[in-house]
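A.B. asks: The structure follows.
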């Protein structure tokens, strides 16, 4: 018998009761799937998403400046491709799997297929579809280039290559907001997926260092530092995010003299950052608690200073333990950005609200929410996938890879 | 140019500035708007026909156009608006904290919102007459409010709507189950899926939302209205000069309809009135005679700018809410007083 069939039989139809349960479940699931597919393919009216696709992507960003966002996307795609290639070029033979189980050529094929089919399925106009195809080619090309020649890079060169990302973040900020000779685009015109990603990436990047410092502060021997950290963490964790956001949006104007309060998109991003930092601190603290005290003592007795011992011995172990919790925090932070719609920012959910209120598209809620769900799922899945790859790479219990 | 020449020019500029400021009623908000070069106008952003964002990223709707009208009146340019979407819950805080200059959101004029001991807001003239209605599926056989006893009713939380429903049902002595939702995007799908026997909101909104239902004809409004909802534009009480300016922009839209000025003909009509001294009323309204603009702290031709930017009230209604739009609302109470409605502009004199 075919091994696949044998396995199916062992897992689903081993006993009579199993078989009955499997049949019921399979028919229920397929009924639901068929119902969903029928709605998606025949009943749903996707015009609402097609017509408003720019709004969902970048919000009210001025049309004549949108080339800057395309340029930024191209840069990000090139950097992703190069990073991917570099990781391939420097495999860790003592670890199972690198970025993708078995072979990442499969991932390339899948990605190209999606990139080819999606613009066609969405019926995008040729100019936009062409850009997406161009971006896919760029990604695959950079991956190939870095994979081919990346092995020649010296360790110092590799470290330099990693600096591309922070630099790119700053370049991206300039491209989005303007300055340095570019026309300024006010944050009130940012929106859609761009604002969601911008706010969440800003908060993720900044809450990490703040969170680690708070966790260290909470375990510190200095009473002032310890109590300060405890107070901060418990205050933030005791207040719902939405109240903090309201506070930031509307009360700051009372407290600060006119014009001093930062643009409200930034206020919201900072509130998200400070909020997430408190939770992150607790995740990191759980990691710190998991590192036996002997580790620090051993490092100190070897003559390492306290910061050095933290940096080289304690934190690497603590962060590895805390990684799943930290990534969980990042994912929930990404989803927390939907609360920005309640303070009137047009991020993804806010854009969806206004699109669903457009008299031309009244009642198209299902289509809009499904699109939102797919977009959020994609972003969160990417974060989860990345974290699992990182976990595998940091796994101290080396398993020699099979291939 | 020599340095002395430059100095002279600056002096002349300062003098002209003083002259323009002379007689200015001294509105801090208007000064702020002129400094900034744009009006910060709060809209809801998700009310069909009143304010939504179009596919190109521009705000569309009768509330959004009112912001443009005010910008045209103050700054002479309807594009100089920064739209600020705010939700129903935070709109008054956003206004009183100075985050926005003006609320162009359907806000019912009530005593507690108006009074100095309450929200201390300043309401313009009624911009849209509405009333709270109740929608039910026609198949349910419910014809009167009383019949909703014991049934779930969908309602948006934190609104007047919720309070009105509770008041009326208590009056009738009818127990019901309120099903509260944070926003309409959740409430209407829930109603359409049959989770509640009825949904209540402003009649205009109910009609708008019904047009997006799968089968609009299957739902009807009960004949009883739960409340009157005259909604107006809102500013802070602390700046009465600014409130007056906004009030007269609103009146301008009505007076323009009454006098037959439209976006298309206002320039030509003004040119004609300029030559014809017998058209006294038109000449006053368009700022050819008198100094009404200056008295309000606005440019002399602010009425012209308003009508040129967005048209008159009737045009606004037809463009965003009327029978030609997907919403298909009737003018009803929102007709001019001269045609049996409630809208009336006081004389421009």
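Residue numbers (the working numbering), protein chains in the order written: chain V, -17 to 385; chain U, -17 to 331.
Think of the CB as a built atom: it goes at the ideal place given N, C-alpha and C, for glycine as much as any other residue.
1) Please name the residue or residues paired with residue 124/U in a DSSP beta bridge.
2) Return yes when the Cβ of residue 107/U is within less than 8 Å of the Cβ of residue 223/U, no when it is not.
3) Which residues share a DSSP beta bridge with residue 134/V?
4) With a cut-off of 8 Å, does the C-beta of residue 126/U fall near any C-beta of chain V?
5) Using C-beta distances below 6 Å, list every residue in its chain close to residue 253/V, excluding the 5 sequence neighbours before and after it, in chain order.
6) Residues of chain V with a CB under 9 Å from the CB of residue 195/U: which are they?
7) Between the region 82 to 98 of chain U and the region 163 to 170 of chain U, can you find at least three pairs of beta-carbon atoms closer than 8 Å?
8) What do you reckon, are the CB atoms on residue 342/V and residue 308/U nearer than 8 Å?
9) For a test of the three-state rule: what should DSSP assign to residue 366/V, helix, strand or coil?
10) Would residue 262/U pass as an interface residue toward chain V - the criterion being a Cβ-Cβ separation below 8 Å?
11) Looking at C-beta atoms only, is the number of pairs between the region 56 to 68 of chain V and the region 116 to 125 of chain V that lie closer than 8 Å three or more?
12) Given this structure, state the Cα-to-Cα distance separating residue 317/U from residue 159/U, to the nearest angstrom.
13) For residue 16/U and residue 280/U, I'd like the C-alpha separation in whole angstroms.
14) When burial is assigned at 16 or more other CB atoms within 10 Å of the CB, is residue 226/U buried or exposed?
15) Below 8 Å between beta carbons: does that hold for residue 46/U and residue 288/U?
16) Would you please verify whether the beta carbon of residue 311/U is less than 8 Å from any beta carbon of chain V?
17) Which same chain residues, not among the five before or five after residue 319/U, have their C-beta less than 7 Å away from its C-beta?
18) Measuring only between beta-carbons, confirm whether residue 79/U sits less than 8 Å from chain V.
19) Could you work out which residues of chain U lie near residue 39/V, taking near to mean beta carbons separated by less than 7 Å?
20) Provide the residue(s) that pair with residue 112/U in DSSP beta bridges, ordered along the chain.
21) For a contact defined as C-beta to C-beta under 7 Å, what are the partners of residue 23/V on chain U?
22) Give the straight-line distance between the Cα atoms of residue 302/V and residue 364/V, rounded to the nearest whole angstrom.
23) With 8 Å set as the bound, which would you pick, yes or no: does the beta-carbon of residue 157/U sit closer than that to a beta-carbon of chain V?
24) Taking DSSP as the reference, what is the three-state secondary structure of residue 50/V?
25) Are there three or more Cβ pairs, one per stretch, closer than 8 Å when the region 136 to 153 of chain V is compared with the region 38 to 47 of chain V?
26) Please say whether residue 30/U and residue 344/V have beta carbons closer to each other than 8 Å?
27) Would residue 80/V pass as an interface residue toward chain U - the criterion being a Cβ-Cβ separation below 8 Å?
28) Give the secondary structure of residue 9/U by DSSP, where H, G and I count as helix, E and B as strand, and everything else as coil.
29) Under 7 Å, CB to CB, which of the residues in the region 60 to 74 of chain U have a partner in chain V?
30) Could you confirm whether any beta carbon from chain V is found closer than 8 Å to the beta carbon of residue 34/U?
31) I'd like the span of the alpha helix (DSSP H) that includes residue 310/V, first residue to last.
32) Chain V beta carbons: is any one of them nearer than 8 Å to that of residue 215/U?
33) Once you ignore the five residues that flank residue 131/U on each side, which residues in its own chain have a CB closer than 8 Å to its CB?
34) If you run the structure through DSSP and keep just helix, strand and coil, what is residue 27/U?
35) What three-state label does DSSP hand residue 152/U in the structure shown?
36) My understanding is that residue 343/U touches residue 212/U, with C-beta atoms under 8 Å, so please give their C-beta distance in whole angstroms.
C.D. replies: This is what the structure gives:
1) Listed as beta-bridge partners of residue 124/U by DSSP are no residues whatsoever.
2) No, these two residues do not count as a Cβ contact at 8 Å.
3) Residue 134/V is not bridged to any residue.
4) No, residue 126/U does not count as interfacial toward chain V.
5) Taken in chain order, the residues that qualify are 226, 227, 230.
6) Simply 344, 345.
7) The region 82 to 98 of chain U and the region 163 to 170 of chain U do not touch, with fewer than three beta-carbon pairs separated by less than 8 Å.
8) Yes, they are a contact pair.
9) Secondary structure of residue 366/V (DSSP, three-state): helix.
10) It does not: the Cβ of residue 262/U has no partner Cβ on chain V nearer than 8 Å.
11) Yes, they touch.
12) Distance between the alpha carbons of residue 317/U and residue 159/U: 37 Å.
13) Taking the straight line joining both Cα atoms gives about 11 Å.
14) Buried.
15) No; because the gap between Cβ atoms is not below 8 Å, this pair is not in contact.
16) Interface annotation, residue 311/U: not in contact with chain V, CB-CB separation never under 8 Å.
17) For residue 319/U, same chain residues with a beta-carbon under 7 Å away, outside a window of 5 residues either side, are 325, 326 in chain order.
18) Taking Cβ atoms only, chain V reaches closer than 8 Å to residue 79/U, which makes this a yes.
19) The contacting residues do not exist; residue 39/V stays about 11 Å from chain U at best.
20) Bridge partners of residue 112/U: 211/U.
21) Within 7 Å Cβ-Cβ: nothing; residue 23/V doesn't reach chain U, min ~18 Å.
22) Answer to the nearest angstrom: the Cα atoms are 19 Å apart.
23) Chain V, which has no Cβ nearer than 8 Å to the Cβ of residue 157/U, makes this no.
24) Looking at residue 50/V - three-state DSSP - the assignment turns out to be helix.
25) No: fewer than three Cβ pairs fall under 8 Å.
26) Going by beta carbons, residue 344/V and residue 30/U fall inside the 8 Å limit.
27) Because the pLDDT of residue 80/V is 49, which lies under 50, any placement of that residue in the model is unreliable, and the number read from its coordinates should be weighed accordingly. Proximity of residue 80/V to chain U, defined by a Cβ-Cβ separation below 8 Å, is not satisfied.
28) When secondary structure is reduced to three states using DSSP, residue 9/U falls in the coil class, being assigned neither helix nor strand.
29) For the region 60 to 74 of chain U, which is checked against every Cβ of chain V, the residues closer than 7 Å are 64, 66, 67, 68, 69, 72.
30) It does: the Cβ of residue 34/U has a partner Cβ on chain V nearer than 8 Å.
31) Note, residue 310/V: alpha helix (DSSP H), 297 to 318.
32) Using beta-carbon distances, residue 215/U does not count as an interface residue toward chain V, since no partner is under 8 Å.
33) Around residue 131/U: 156, 157, 158.
34) Three-state DSSP puts residue 27/U in coil, outside helix and strand.
35) DSSP places residue 152/U in helix when its eight states are reduced to three.
36) Nothing can be reported for residue 343/U, as the shown portion of chain U is limited to -17 through 331.
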